[in-house]
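To start, the structure under review is shown below, and the notes come after it.
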Amino acid sequence: MASDALTGGFADAPTEAARAFRAAMNAMAFPGRIQPITGGQGPAPLSPAAATLLLTLCDPETPLYLAGAHDTQAVRDWVTFHTGAPLVGASEAMFAVGGWEALQPVSAFAIGTSDYPDRAATLIVESAALEQAGSTLTGPGIKETATFSLPEPEVFAANAARFPLGWDAYFTCGDRLAALPRSTKVS
């Protein structure tokens, strides 16, 4: 294991993990709202926001899929050291991280079952930019409407139509994130 796998974790784990968890939950509670998240720094190509989410949400019981350019030895070593999350294929993952194109086909990810809708995957979509423009969002956590730039709005609309089944998504760029839970309607 390379020595750079040992760096990039939380400096003050209890405080930074609590702040990061709150940011992650606020993002899900207010779909499409862009906000900062800090604390982690993983190897390239992981953004600080994605690294912080992995540190916060993954552990030895949360299988993780690394998609495309994110599936490198440096990222694998970093994830293993800092989270202990088992690295698996897309169909077995509870979390997945990568660019939107690399995460295709999204039909490979778990959407839960009628008895256990919580057994769905959460996608961490690394993005070049996050903008509060584009697709119109409605649903829980949104007063009337919100807007957010989605890579393929029709895919997210189809995912929402399956609610309570479907996957959830975080979008990360630099040290910022936004989220789109499966309950959010997209038009």
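Mapping the sequence shown onto the working numbering, position 65 (from 1) lands on 48, and the numbers just tick up by one. We put the beta carbon where it would ideally sit given N, CA and C, even for glycine. Note that the structure is predicted; figures quoted are calculated from it, not measured.
Residue pairing by DSSP puts residue 168 in a beta bridge opposite 121. Judged by their CB atoms, residue 163 and residue 14 are nearer to each other than the 8 Å cut-off. Across the set 102, 157, 65 and 137, the C-alpha of 157 shows the shortest separation from the C-alpha of residue 28. Bridge pairing for residue 151: 105 [DSSP].
If you draw a straight line from the Cα of residue 79 to the Cα of residue 1, it comes to about 22 Å.
Secondary structure of residue 89 (DSSP, three-state): helix.
The Cβ-Cβ distance between residue 86 and residue 129 does not fall below 8 Å.
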